[in-house]
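So the structure is just underneath, and the comments pick up after that.
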Amino acid sequence: MKTGAKREVAFPYVIAWLVLLLLTGLSLLSAFLHLGTVAPILEFAIAAIQAALVFILFMRLKGPPSLKWLFAGAGFFWLLFLYGLSMTDYATRRGWP
Amino acid sequence: MWRRTDRCMLSRTLQPEMQYATLSQQGETAQLGMWVFIATETLFFGALIFTYFVYRNFYPEEFALAGKDAVLWCGTVNIGLLLTSSLTMVLSINAAAEGRRRDLALWLAATAFLGTAFLGVKGYEYYSDYQDQVVPAVNFMLKPGSAPAGELFWVFYFIATGLHAVHLSIGIALMLYMLWRARRGELTPAYYAPLEVVGLYWSFVDTVWIFLYPAIYLVGRS
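For the protein sequence lines, the chains are A and B, in the order given. So for the first sequence, this note's numbering puts the first residue at 1; every next one is plus one. So for the second sequence, this note's numbering puts the first residue at 98; every next one is plus one.
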C-alpha cells in the first residue's frame, strides 16, 4: 500500500454480493410457489431491496459527500411524479382496453 | 484534467482544474455530475418499466402466458454475472484507492469480462428467441391458446433488453478506457474519480437489470 493511500476493506462488499445473490434466489423461488397476485409484489420488493443495497453500498451513497443523497433521491422523486401523474390517466379510465 | 506539463511527475504535482479549490472537490463534483445523469437514466428506464406495469395490469393472462417462453436460465445467469461485476468494480476502486496497480487492472479486466459474458448470453438468448418465433415484426408466431396482446410482452422485452445491452456495451467500452488509463498510471490514490464515476454508471446498469429480471423472467412461472 502506498503512503497517503487510505485502507479499503473488501469484506462488507463481498457480504453484500452474497446477500444480493441470496435475494435473487429467493425471488426466483417465489416465482414457482403459486403465490398468485402476491408473487410480483414480493419479487419487485426484493428487487427494490437489492437496488437499495447496490445504491447504498456499491455506489457508496453512504460515503462523503452526503449531498449525493439529494442527487440520488432526485431521480426517484421525479419518478414518483412520472408514475403518479401517469396513473391519474390509467387509473381513471373506463371501458379500456 | 491536469496540466500536461506535469504528467511526468504525476503523483507529486497533480493539480485540480482551475474552477476547483482541491482535487477532492473536483472528484466529488464529478460524482455528483454522474448522479445527475443517473437520475435522468432512472426516468428513462422507469418510464419503460411503467409501460410494462400498465400493460401487464391490463393483460395479466396474456403476459403470464408470453412470459413462459422467456429463457429463464439466461436471465438468471445474467443477473449473477452483473451482480458479480458490480463487486469486481468496487474491488477495482478499492485497489485504486490503495495504490495496488496490478489488482486495479485485474478487477477492471474481470468487470469487462463479466459484462462481455453477459452480452454473449444475451446474444444466444436473442438467437433462441428468434428460433422460438417470438420476435415482434420480424419473426413472431402467436402460440396456440395465446392472445395477440401477448406480443406486447415481447415488444417490451426487446426494447428494454436492447436498450440495456446498449448501455452495457458503453459500460464495457468505458471499462476498457479505464484499463488503458490505469496502465498509464493515471488512476492513483491521489485522484481516481474517473474510476468512481464509471463505477457509478456500471452499478446503475446492474440495477436496471435487477428490475428487468423479475419483470421478464419471473412472470407466469407458477
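Every residue, glycine too, gets a C-beta built ideally from N, C-alpha and C. These numbers were taken from a predicted model, which means no experiment stands behind them.
*asked:* Counting only C-beta atoms, is B:T173 closer than 8 Å to chain A at any point?
replied: At least one CB of chain A lies nearer than 8 Å to the CB of B:T173.
_I want to verify the contact list: residues of chain B whose CB lies under 8 Å from the CB of A:T24, in sequence order._
For the C-beta of A:T24, the chain B residues within less than 8 Å are, from N- to C-terminus, T173, I176, G177, L180, Y310.
*Please report the residue range of the alpha helix (DSSP H) in which B:R278 lies.*
Per DSSP, B:R278 belongs to the alpha helix (DSSP H) from 247-280.
*Do we get a CB-CB distance below 8 Å when we pair B:Q128 with the residues of chain A?*
So, interface residue.
*Is the CB of A:S27 under 8 Å away from at least one CB in chain B?*
Interface flag for A:S27 against chain B is set, since a Cβ pair is found closer than 8 Å.
*CB-CB under 8 Å to B:D103, same chain, minus the five flanking residues each way: which ones, in chain order?*
Any answer about B:D103 is weak, because its pLDDT of 44 lies below 50 and its placement is not dependable; what the coordinates show is given next. Listed in chain order, the non-local C-beta contacts of B:D103 below 8 Å within the same chain comprise T110, L111, Q112, local neighbours out to five positions each way being set aside.
*Hey, would you say the C-beta of B:W170 is under 7 Å away from at least one heavy atom of the ligand ZN?*
The ligand ZN is absent from the structure shown, which contains no ligands of any kind.
*Tell me, please, whether the CB atom of A:K62 is closer than 8 Å to any CB atom in chain B?*
Using beta-carbon distances, A:K62 does not count as an interface residue toward chain B, since no partner is under 8 Å.
*For B:L271, I'd like the list of residues in its chain whose CB is within less than 8 Å of its CB, leaving aside the five on either flank, ordered along the chain.*
These residues qualify, in order along the chain: V295, Y298, W299.
*Output the distance between the C-alpha atoms of B:Q238 and A:I15, rounded to the nearest integer angstrom.*
Contrary to the premise, residue 238 of chain B reads as Met rather than Gln in this sequence. B:M238 and A:I15 have their alpha carbons spaced roughly 45 Å apart.
*If we call anything under 8 Å between Cβ atoms a contact, is B:F255 one with B:P233?*
Contact flag set, yes.
_Judging by CA-CA distance, which residue of A:S86, A:L21, A:V38 is the nearest neighbour of B:L140?_
That would be A:S86, whose Cα lies nearest to the Cα of B:L140.
*asked:* Please identify the residue among B:E293, B:V316, B:Y310 whose C-alpha is closest to the C-alpha of A:F58.
replied: Shortest Cα-Cα distance from A:F58 to any of B:E293, B:V316, B:Y310 involves B:E293.
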